[in-house]
Amino acid sequence: MGEIRYPAVVIDHRKVRENVTKVRELCEGHGIKVAGVIKGANGIVSVARDFTDCGIELLASSRLEQLARVKNAGISAKLLMIRVPMLSEVEELVKICDASLNSEMKTLEALNEAALSQNTSHGVILMADLGDLREGYFDHRELKDAAVKVEKEMKGLELLGIGTNLGCYGSVMPTKDKMDALAALAEDVEGLIGRPLEIVSGGATSSLMGVFDDYMPAKVNMLRIGAGILVGPLDETCTCYGYHQMEMLNDDSFTLEAQVIEVKLKASHPIGTLGVDAFGHKNTYVDRGMRKRALCAVGGADFGDPGDIIPLDPGIQVVGCSGDHLILDVEDAPAAPEVGDVIRFKPRYTALLRLTGSENVHIIDKQEN
């Protein structure tokens, strides 16, 4: 075992870089720049370097501490805050980030004051809500008024462009009509301020649909992509919507390694009066008789939903978990694991997000041959 401590997430940087390069080249072929979102890997500096080494010039996260870590590491990339800023963090945000997504005049005014006091300029992208009902101006006249005010009156801010977010809350898909609406809104803003916008940001990984199906308007020139790069075809764009083009990407750039702490033959259905589990859920169970089971020392507190981790070894099935225990059916494994063995899993995006942010999970950079 050496000095490896478990549970651990192992990063294969070669595969991360392959994914970054393929996504960047795909998007650039359609006139779209990629903002590399590092949130899903907790802003790990080595992963951020994979992005920039492969030509990504703008790194993004919704967590200010992650962007600060990247900045302090001396990585030469522009930094974008993709969660609308809190008023309590604007001073620090202006110090760390080159730009941020915004949807509130009060926040824009605070950012302007912070930038002026620091003798700098801060870029802003105004967000339009196109129906997903997360952040953004729902009344687009309000967005246009904000754009004019930023452009004409706020000397500490630079209006970089506009953007939207789709699919993260309201499940609204980035269809052609939504992208066309964003492009039309950008043209309206440009007419009001009398110049072209540098950025029209058409969303996140799900907006790759418009690239794959070739309906993205020429006006849309930036996407904020993290999940598609980090987990490839395990991202929902592939698994939910059937975009098999994602299969050109690696789905095992990150692997979870968990150590076995118990192996026993047990009943497959709980015995006794059933209530709720450790998370307050009422579950249903399938009685498959006596089955060999293994416990691993990692749990829902680390990865969330046990359905979001996929065993790499054949014959192993995830049965469930508690906060700190993962329960596996290993009856059909060609060689039953023993206590001390390590079992590997591919995490989906949500699991990776949690795992890399868990203080219980160790990060290992895979050494290249």
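In the working numbering, the protein residues as written are 1 to 369. Note that beta-carbon positions come from the ideal geometry of N, C-alpha and C, so glycine has one too.
**Item:** Neighbour-count burial assignment, F303, 16 or more Cβ in a 10 Å radius
**Value:** Indexing the sequence shown from 1 puts residue 303 at position 303. So F303 counts as buried.
**Request:** Assign C296 to one of two classes, buried (16 or more other C-beta atoms within 10 Å of its C-beta) or exposed (fewer than that).
**Result:** The residue labelled residue 296 in the question sits at position 296 within the sequence shown. Result: buried.
**Opposing strand residues paired with S201 [DSSP bridges]** = Residue numbering aside, residue 201 sits at position 201 when the sequence shown is read from its first letter. Per DSSP, G163 and M222.
**Message:** Please classify K178 as buried or exposed, where buried requires at least 16 neighbouring CB atoms within 10 angstroms.
**Reply:** Here the question's residue 178 lines up with position 178 in the sequence shown. Burial call: buried.
**Prompt:** Looking at the unbroken beta strand (DSSP E) that takes in K346, where does it start and where does it end?
**Reply:** The residue given as residue 346 occupies position 346 in the sequence shown. V342 to P347 is the span of the beta strand (DSSP E), which, as asked, contains K346.
**Asked** Does the beta-carbon distance from G323 to A351 come in below 9 Å?
**Response** Counting from one through the sequence shown, the residue named residue 323 turns up at place 323. Counting from one through the sequence shown, the residue named residue 351 turns up at place 351. Contact flag unset, no.
**Request:** Counting only the same chain and skipping the five closest in sequence on each side, list residues whose C-beta sits under 6 Å from that of D341.
**Result:** Taking the sequence shown and counting its residues from 1, one reaches residue 341 at position 341. For D341, where only same-chain residues beyond five positions count, the Cβ hits under 6 Å are V260.
**Asked** Distance, Cα to Cα, K317 vs P306?
**Response** Start at 1 with the first residue of the sequence shown, and residue 317 comes out as number 317. Start at 1 with the first residue of the sequence shown, and residue 306 comes out as number 306. According to the sequence displayed, residue 317 carries Gln and not Lys. Distance between the alpha carbons of Q317 and P306: 10 Å.
**Item:** Contact under 9 Å by Cβ, K346 with D252
**Value:** Here residue 346 refers to the residue found at position 346 when the sequence shown is read from its first residue. Here residue 252 refers to the residue found at position 252 when the sequence shown is read from its first residue. Yes. Within cutoff.
**Message:** For a quick check, are the C-beta atoms of I125 and G163 less than 9 Å apart?
**Reply:** Locating residue 125 in the sequence shown gives position 125, where the first residue counts as 1. Locating residue 163 in the sequence shown gives position 163, where the first residue counts as 1. Yes. Within cutoff.
**Prompt:** In its own chain, which residues sit with a C-beta less than 7 Å from the C-beta of K144, not counting the 5 before and 5 after it?
**Reply:** The residue you call residue 144 lines up with position 144 of the sequence shown. Hits under 7 Å: D188, V189 and L192.
**Request:** Hey, could you find the ends of the alpha helix (DSSP H) E187 is sitting in?
**Result:** As a working mapping, residue 187 is identified with position 187 in the sequence shown. Per DSSP, E187 belongs to the alpha helix (DSSP H) from K176 to I193.
**Prompt:** Among the residues of its own chain, which have a CB less than 8 Å from the CB of Q66, if the five just before and after it don't count?
**Reply:** Here residue 66 refers to the residue found at position 66 of the sequence shown. Cβ neighbours of Q66 beyond the five flanking positions: I38, K39, N42 and G43.
**Request:** Return the bridge partner residues of K106 from the DSSP annotation.
**Result:** Within the sequence shown, numbered from 1, the residue matching residue 106 stands at position 106. BP columns for K106 are empty, so no partner.
**Asked** Which word fits S100, buried or exposed, when buried means at least 16 other C-beta atoms lie within 10 angstroms of its C-beta?
**Response** Start at 1 with the first residue of the sequence shown, and residue 100 comes out as number 100. Label assigned to S100: buried.
**Request:** Closer than 8 Å by C-beta to C54: which residues in its own chain qualify, once you throw out the five before and the five after it? Chain order, please.
**Result:** The sequence position of residue 54 within the sequence shown is 54, counting from 1. If we look at C54 and ignore the five residues flanking it on each side, its Cβ neighbours are R17, V20, T21 and R24.
**Request:** Have a look at I364 and E257 and give me their C-alpha separation to the nearest angstrom.
**Result:** The sequence position of residue 364 within the sequence shown is 364, counting from 1. The sequence position of residue 257 within the sequence shown is 257, counting from 1. Looking at the two C-alpha atoms, the distance is approximately 10 Å.
**Message:** Let me make sure I understand the geometry here. Which of I343, G280, F51 and L274 has the alpha-carbon closest to that of V298?
**Reply:** To locate residue 298, count along the sequence shown from 1; it is residue 298. The shortest Cα separation from V298 among I343, G280, F51 and L274 belongs to I343.
**Prompt:** Using the rule of at least 16 other Cβ atoms within 10 Å of the residue's Cβ for burial, across every protein chain shown, is I271 buried or exposed?
**Reply:** The sequence position of residue 271 within the sequence shown is 271, counting from 1. Flag for I271 reads exposed.
**Prompt:** How many whole angstroms separate the CB atoms of M216 and P233, which I take to be in contact at a CB cut-off of 8 Å?
**Reply:** Taking the first residue of the sequence shown as 1, we reach residue 216 at position 216. Taking the first residue of the sequence shown as 1, we reach residue 233 at position 233. Going by Cβ atoms, the distance from M216 to P233 rounds to 21 Å, so no, they are not a contact pair.
**For K292 and D332, the rounded distance between their alpha carbons** = Here residue 332 refers to the residue found at position 332 of the sequence shown. Here residue 292 refers to the residue found at position 292 of the sequence shown. Looking at the two C-alpha atoms, the distance is approximately 9 Å.
**Asked** Cβ atoms of V361 and V9: under 9 Å apart, would you say?
**Response** Translated into the one-based positions of the sequence shown, residue 9 becomes position 9. Translated into the one-based positions of the sequence shown, residue 361 becomes position 361. It is a contact, given that the beta carbons lie within the stated cut-off.
**Item:** Cβ-based burial, M1 [other Cβ within 10 Å; buried from 16]
**Value:** Counting from one through the sequence shown, the residue named residue 1 turns up at place 1. Confidence in M1 is poor, its pLDDT being 42 and thus under 50, which makes the residue's placement unreliable; the coordinate value appears in the next sentence. M1 comes out exposed.
**Request:** Check the DSSP bridge columns for E158 and list the partner residues they point to.
**Result:** Walking along the sequence shown from the start, residue 158 turns up at place 158. Its beta-bridge partners are G123.
**Prompt:** Going along the chain, which residues of its own chain have a beta-carbon closer than 7 Å to the beta-carbon of G357, five neighbours each way excluded?
**Reply:** Indexing the sequence shown from 1 puts residue 357 at position 357. Contacts found: N42.
**Request:** Identify every residue that forms a DSSP beta bridge with D365.
**Result:** In the sequence shown, residue 365 corresponds to position 365, counting from 1. Bridge partners of D365: I11.
**Request:** State yes or no: is the C-beta of K149 within less than 9 Å of the C-beta of Q118?
**Result:** To locate residue 149, count along the sequence shown from 1; it is residue 149. To locate residue 118, count along the sequence shown from 1; it is residue 118. No. Outside cutoff.
**Asked** DSSP puts A370 in a beta bridge; with which residues?
**Response** Shown here, the chain extends from 1 to 369; a query on residue 370 therefore has no answer.
**Terminal residues of the beta strand (DSSP E) in which I309 lies** = Stepping through the sequence shown from its first residue, residue 309 is reached at position 309. First-last of the beta strand (DSSP E) with I309: I309 to P311.
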